[in-house]
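There are 2 protein chains.
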Amino acid sequence: MSVAQPDQLPHSDRQRVRVWLRLLKVTKIVESVVRENLRAEFDTTLPRFDVMAALYRFQDGLKMSELSAALRVSNGNVTGIIERLVTDGMVLRVPVEGDKRATLVRLTKKGHDEFSKMAEAHARWVNEVLADLTPEECEQVIGILDVVGRSHKHTAEVSDHD
Amino acid sequence: MSVAQPDQLPHSDRQRVRVWLRLLKVTKIVESVVRENLRAEFDTTLPRFDVMAALYRFQDGLKMSELSAALRVSNGNVTGIIERLVTDGMVLRVPVEGDKRATLVRLTKKGHDEFSKMAEAHARWVNEVLADLTPEECEQVIGILDVVGRSHKHTAEVSDHD
DNA sequence: GGAATTAATTTCAAGCTTGAAATTTCATGC
DNA sequence: GCATGAAATTTCAAGCTTGAAATTAATTCC
Numbered sequence: 001m002s003v004a005q006p007d008q009l010p011h012s013d014r015q016r017v018r019v020w021l022r023l024l025k026v027t028k029i030v031e032s033v034v035r036e037n038l039r040a041e042f043d044t045t046l047p048r049f050d051v052m053a054a055l056y057r058f059q060d061g062l063k064m065s066e067l068s069a070a071l072r073v074s075n076g077n078v079t080g081i082i083e084r085l086v087t088d089g090m091v092l093r094v095p096v097e098g099d100k101r102a103t104l105v106r107l108t109k110k111g112h113d114e115f116s117k118m119a120e121a122h123a124r125w126v127n128e129v130l131a132d133l134t135p136e137e138c139e140q141v142i143g144i145l146d147v148v149g150r151s152h153k154h155t156a157e158v159s160d161h162d
Numbered sequence: 001m002s003v004a005q006p007d008q009l010p011h012s013d014r015q016r017v018r019v020w021l022r023l024l025k026v027t028k029i030v031e032s033v034v035r036e037n038l039r040a041e042f043d044t045t046l047p048r049f050d051v052m053a054a055l056y057r058f059q060d061g062l063k064m065s066e067l068s069a070a071l072r073v074s075n076g077n078v079t080g081i082i083e084r085l086v087t088d089g090m091v092l093r094v095p096v097e098g099d100k101r102a103t104l105v106r107l108t109k110k111g112h113d114e115f116s117k118m119a120e121a122h123a124r125w126v127n128e129v130l131a132d133l134t135p136e137e138c139e140q141v142i143g144i145l146d147v148v149g150r151s152h153k154h155t156a157e158v159s160d161h162d
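The listed protein sequences correspond, in order, to chains G and U.
Every letter in the first sequence is one number past the one before it in the UniProt record's numbering, and letter 92, counting from 1, is 92.
Every letter in the second sequence is one number past the one before it in the UniProt record's numbering, and letter 89, counting from 1, is 89.
Now the structure itself:
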């Protein structure tokens with residue numbers, strides 16, 4: 001963060017770096033609010049929340065590789081998080097018929113119900129932090145940032161139609 | 001990510017959540033590009049880069065607490081990163097006169113030179129990822145996101161005049 | 001000046017994260 | 001059918017991250 005920029009950079013280039021720093025700043029603020037509240041009110045973590053959010057959206061379950069792709073995190077990462085969620089009875093592992101390598105993971109009833117509550121609170125927290133943004137401004141930001149990543153490899157993911 | 005929203009939410013509230021998800025998405029993309037390049041080209045990590053960036057900006061050095069506040073990370077976190085940077089000769093610890101509790105950390109000559117190179121490359125990478133954003137769009141995003149965090153406690157930081 | 005509070009930092013356990021290597025299973029070509 | 005390579009996942013070490021507890025030093029308040 002706060003990276004000094006050489007003077008010889010064109011103005012437009014420097015501006016893009018400023019955009020990046022601003023994005024990072026806002027993201028960190030929202031993340032820390034959500035993390036603190038998840039811990040205080042639901043005794044859980046942000047990564048666990050992210051995993052459950054993905055599984056909530058794809059109710060039929062996701063393969064481990066689909067899950068890590070959707071969350072844009074490394075492959076081995078998800079293994080540990082799912083492990084703990086299974087221990088807590090939030091997630092179920094289902095063997096994929098016809099492919100003994102893969103496993104499907106999905107929310108249990110308990111996990112589904114628990115996430116419903118978390119999602120509602122999450123929307124509240126986010127709205128508090130972003131309260132100063134008008135609907136028009138939201139529209140603009142969404143529209144402008146839509147193009148980013150289009151030409152990037154990481155765009156290959158599980159139907160991320162946010 | 002991709003958090004389902006109850007239907008009873010007002011449109012404007014749902015929009016703010018969408019803004020948040022979009023921010024998160026773009027941030028993750030840029031972060032992963034920067035991380036991969038830092039590792040490949042400079043054999044270092046994003047957290048180390050962030051610390052060095054803060055120290056590059058504040059050439060007179062920062063106290064540990066100022067550093068963690070500037071980076072918006074927990075207090076104990078910085079300790080380990082600085083430790084490794086000191087080992088690598090990038091950072092120097094200087095005792096604060098008149099206060100035996102605090103320490104000042106600052107870049108060494110080696111750290112300064114190394115970061116100069118990294119900063120230039122960093123600007124290049126960011127511009128590649130955000131290439132599709134026009135100067136006008138950059139201006140808009142910067143302006144709109146400027147208000148976020150103003151009323152938040154985390155706004156109390158070391159002169160973050162991005 | 002001594003006790004209690006506050007401040008700056010480190011230590012620590014638990015969990016997260018990556019990237020690489022290892023494992024197991026599937027698919028393909030011969 | 002058998003080898004070879006690709007695919008899905010786990011394992012692992014190293015480093016990052018948090019929040020809480022511990023440590024040490026400064027400040028404040030009788």
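Note that CB positions come from ideal geometry on N, CA and C, so glycine has one too.
Considering arginine 84 (chain G), what are the terminal residues of the alpha helix (DSSP H) in which it resides? Stepping through the first sequence from its first residue, residue 84 (chain G) is reached at position 84. Residues 75-87.
Comparing C-alpha positions only, which one of U:Arg124, U:Ala123, U:Val51 sits nearest to alanine 67 (chain U)? Here residue 67 (chain U) refers to the residue found at position 67 of the second sequence. Note that residue 67 (chain U) is leucine in the sequence shown here, rather than alanine. Considering only alpha carbons, the answer is U:Val51.
Bridge partners - leucine 62 (chain U), DSSP secondary structure assignment: The sequence position of residue 62 (chain U) within the second sequence is 62, counting from 1. Answer is U:Val105, bridged to leucine 62 (chain U).
If you measure from the beta carbon of valine 126 (chain G) to each beta carbon in chain U, is any gap under 8 Å? Residue numbering aside, residue 126 (chain G) sits at position 126 when the first sequence is read from its first letter. Yes, valine 126 (chain G) lies at the interface with chain U (some Cβ there is under 8 Å from its Cβ).
Three-way DSSP call (helix, strand, coil) for leucine 130 (chain G) in this model: In the first sequence, counting from the first residue as 1, residue 130 (chain G) sits at position 130. Correct three-state label for leucine 130 (chain G): coil.
Mind checking who arginine 14 (chain U) pairs with in its DSSP beta bridge? Translated into positions along the second sequence, residue 14 (chain U) becomes position 14. Beta-bridge pairing links arginine 14 (chain U) to no other residue.
Please classify arginine 35 (chain U): does DSSP put it in a helix, a strand, or coil? In the second sequence, counting from the first residue as 1, residue 35 (chain U) sits at position 35. Helix, per DSSP.
Does the count of Cβ pairs from the region 101-110 of chain U and the region 83-93 of chain U closer than 8 Å reach three? yes
State the DSSP-derived secondary structure class of leucine 55 (chain U), mapped to helix, strand or coil. Numbered from 1 along the second sequence, position 55 holds the residue referred to as residue 55 (chain U). Helix at leucine 55 (chain U).
Under 8 Å Cβ to Cβ from glutamate 41 (chain G), same chain only, skipping five residues before and after it: list those, please. Here residue 41 (chain G) refers to the residue found at position 41 when the first sequence is read from its first residue. Cβ within range, chain order: Ala121.
Going straight from the alpha carbon of alanine 69 (chain U) to that of asparagine 77 (chain U), what length do you get? Reading the second sequence from its first residue, position 69 is the one you call residue 69 (chain U). Reading the second sequence from its first residue, position 77 is the one you call residue 77 (chain U). If you take the alpha carbons of alanine 69 (chain U) and asparagine 77 (chain U), they lie about 11 Å apart.
Leucine 24 (chain G) by DSSP, collapsed to three states: which one? Against the first sequence, residue 24 (chain G) aligns to sequence position 24. Helix.
Taking the C-alpha atoms as reference points, what is the distance between glycine 80 (chain G) and leucine 23 (chain G)? Start at 1 with the first residue of the first sequence, and residue 80 (chain G) comes out as number 80. Start at 1 with the first residue of the first sequence, and residue 23 (chain G) comes out as number 23. Computed Cα separation, rounded: 29 Å.
How would you label aspartate 43 (chain G), buried or exposed, when you count the other beta carbons within 10 angstroms and need 16 or more for buried? Taking the first residue of the first sequence as 1, we reach residue 43 (chain G) at position 43. Exposed, because fewer than 16 other Cβ atoms sit within 10 Å of the Cβ of aspartate 43 (chain G).
Is the shortest distance between the beta-carbon of residue 236 (chain U) and the beta-carbons of chain G less than 8 Å? Given a span of 1 to 162 for chain U in the structure shown, any question on residue 236 (chain U) remains unanswerable.
Helix, strand or coil for residue 164 (chain G), going by three-state DSSP, please let me know. Beyond the ends of chain G as shown, which are 1 and 162, falls residue 164 (chain G); an answer cannot be given.
Among G:Ala131, G:Thr103, G:Ala123, which one has its Cα closest to the Cα of threonine 63 (chain G)? Reading the first sequence from its first residue, position 63 is the one you call residue 63 (chain G). Contrary to the premise, residue 63 (chain G) reads as lysine rather than threonine in this sequence. It is G:Thr103 whose Cα lies nearest to the Cα of lysine 63 (chain G).
Nearest-angstrom Cα separation, counted from valine 30 (chain U) out to glutamine 140 (chain U): Taking the second sequence and counting its residues from 1, the one referred to as residue 140 (chain U) is at position 140. Taking the second sequence and counting its residues from 1, the one referred to as residue 30 (chain U) is at position 30. Distance between the alpha carbons of glutamine 140 (chain U) and valine 30 (chain U) is about 19 Å.
Mind checking who arginine 93 (chain U) pairs with in its DSSP beta bridge? Here residue 93 (chain U) corresponds to residue number 93 of the second sequence, with the count starting at 1. Beta-bridge pairing links arginine 93 (chain U) to U:Val105.
For leucine 130 (chain G), go through chain U and note every residue whose CB falls closer than 7 Å to its CB, in chain order. Residue 130 (chain G) sits at position 130 when you count from the first residue of the first sequence. Within 7 Å Cβ-Cβ: Arg16, Val19, Trp20, Val148.
Outcome for lysine 100 (chain U) when other beta-carbon atoms lying within 10 angstroms are tallied against a minimum of 16: Position 100 of the second sequence holds residue 100 (chain U). Classification for lysine 100 (chain U): exposed.
For residue 166 (chain U) versus glycine 149 (chain G), is the C-beta spacing smaller than 8 Å? There is no way to answer for residue 166 (chain U), as the model of chain U reaches only from 1 to 162.
For chain U, check one thing: does any of its Cβ atoms lie closer than 8 Å to the Cβ of glutamate 137 (chain G)? Translated into positions along the first sequence, residue 137 (chain G) becomes position 137. Answer yes: the Cβ-Cβ gap between glutamate 137 (chain G) and chain U drops below 8 Å somewhere.
Beta carbon of leucine 133 (chain G), beta carbon of arginine 16 (chain U): below 8 Å? To locate residue 133 (chain G), count along the first sequence from 1; it is residue 133. To locate residue 16 (chain U), count along the second sequence from 1; it is residue 16. Yes, they are a contact pair.
Neighbouring residues, chain U, relative to leucine 24 (chain G) (Cβ below 7 Å): Mapped onto the first sequence, residue 24 (chain G) falls at position 24. In chain order: Thr27.
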